[in-house]
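Working notes, beginning with the structure itself.
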Amino acid sequence: MVKLLDLNDDGSMDGVAPLNAQMHELSTVNDSSPDPLPQARGLFRLTAYYPVVSEIATGLDLTSLDQLSQTCRQVRVNLLQHRSSLISKTLRCRSDGTHTTKFPCARDLVGPCQRCGLIYCRNCIAKPKHTSLSSRHRRLCKTCIKVPLSGHMASTEDALCNDNEHEHQSQQTTVYHGSCMCGELMWFCEPCERQLRSEDTSYMRGWSWRRRYSHTGIGIGEGEQGVPCGREGKCLDVREVEVEIDADQFERPDDFLEQLSRGWSNTSYRMQEIEGIGGVVKKKVKKRVSVGHVVKEYEDERVNGEYLRREQAGKVRSWCAHCNKVIPGVKDTRADLNSPLERLRTSSGSSTSSV
């Protein structure tokens, strides 16, 4: 080893690099600093208890359980202790073991149907067609378009609270729905897929029928017979109309008719008897239902006969009829998408502090 010395140097160590320069550049962790994730570490310690992880496994499939084990080393070690029992408790398809499907049910991708909520695997769900994404759009009325996006992504629902054995109190809770995610994943069972396909076809035929007979005063956006809002009875500008319903649709039509007719044995204003095909006498009931406001009709759609092009292109806010969630448009910025969640967090925090 050779060491060179400069005899003309004044002896200052300013320009001399330390022997372990790279070691001095390393950042060290101060043990006295507080833990940045104390709550997360507390949640990870809960996975060491078998009742906790067994309850968590009942709501996960094999893929989600594997992703949970890859969170950190502590969670993986805790889950590996009960590997065989946790695998047996994961989600199973509703058709598992029935031998009614062509292929055996899978265990890696299992989840609830986005419409009925029943559990199905990837082999039992309906494979979406290329027209499923474009046909799910429903046009919204002017009120539902102009309202902030938070008005569609959060709703208030009534929940019953049993404080005592004989007392039932209703409490309003705010539920955050989020926006439509059907563009990334569509998870529908076969019965729901057939029903959705029929509803989409009827909706598009309704547009064609109203355009054809628009000269008679029942156009797309005219009078009481216009195309209603996509939110239907949950429209923000909802209105009540009187419609005639066949009494055979109800499970117990006699009780319903007795309640409406108020003791009348024959016909009344709310209940009328008509003669159908083959001389069968049916009963029609007049009922007031809530429907959405009439949507807007564009001039180019009246001329060309092409409907919902703006909604399908994402230019205008629309409503998804498959998952019953809002589909944001171009004007709905990212800040609008995040604001409902922040407002819910703020309101929940203020309510907790007030209690």
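If you're matching positions, the sequence shown starts at 7 in the working numbering and goes up one per residue. C-beta atoms are modelled at their ideal positions from N, C-alpha and C, and glycine is treated no differently. Just so we're clear, the structure is a prediction, and the values are computed from it rather than from any experiment.
Check, Outcome
"Option in 199, 203, 232, 86 with minimal Cα separation from residue 213", "232"
"Anticipated Cβ contact below 8 Å, residue 196 with residue 327, distance rounded", "Residue 196 to residue 327, Cβ: 18 Å. No contact."
"Spatial neighbours of residue 297 in its chain, beta-carbon cut-off 6 Å, leaving aside the 5 residues before and after", "234, 247"
"Proximity of residue 125 and residue 118 at Cβ, strictly below 8 Å", "yes"
"Straight-line Cα distance separating residue 283 from residue 333", "43 Å"
"Coil, strand or helix - residue 37 by DSSP", "For residue 37, the predicted model reports a pLDDT of 49, less than 50, meaning its position is unreliable and no value from the coordinates is stated."
"Straight-line gap, residue 201 to residue 60 (C-alpha atoms, nearest Å)", "36 Å"
"Contact belief for residue 157 with residue 242 at Cβ below 8 Å, rounded distance in angstroms", "6 Å"
"Which listed residue (103, 71, 80, 192) has its alpha carbon closest to that of residue 91", "71"
"Residue range of the unbroken beta strand (DSSP E) whose run includes residue 296", "287 to 297"
"With 16 other Cβ atoms within 10 Å as the buried cut-off, status of residue 159", "buried"
"Anticipated Cβ contact below 8 Å, residue 144 with residue 324, distance rounded", "6 Å"
"Range covered by the beta strand (DSSP E) that runs through residue 126", "125 to 127"
"Contacts around residue 321, its chain only, beta-carbon distance under 8 Å, and the 5 residues preceding and following it disregarded", "335, 336"
"Cα-Cα separation, residue 295 to residue 244", "10 Å"
"Assigned exposure category for residue 141 - 16 Cβ within 10 Å defines buried", "buried"
"Start-to-end residues for the beta strand (DSSP E) that takes in residue 325", "324 to 326"
"Per-residue DSSP class, three states only, for residue 240", "helix"
"When 299, 287, 310 are compared against residue 218, the one with the closest alpha-carbon", "310"
"Cβ neighbours of residue 104 in the same chain (closer than 7 Å, five flanking residues each side left out)", "none"
"For residue 150, the nearest candidate out of 316, 302, 286, 313 (CA to CA)", "302"
"For residue 206, the first and last residue of its enclosing alpha helix (DSSP H)", "196 to 218"
"Buried or exposed (CB count within 10 angstroms, at least 16 for buried), residue 279", "exposed"
"Coarse secondary structure for residue 185, derived from DSSP in three states", "strand"
"Coarse secondary structure for residue 306, derived from DSSP in three states", "helix"
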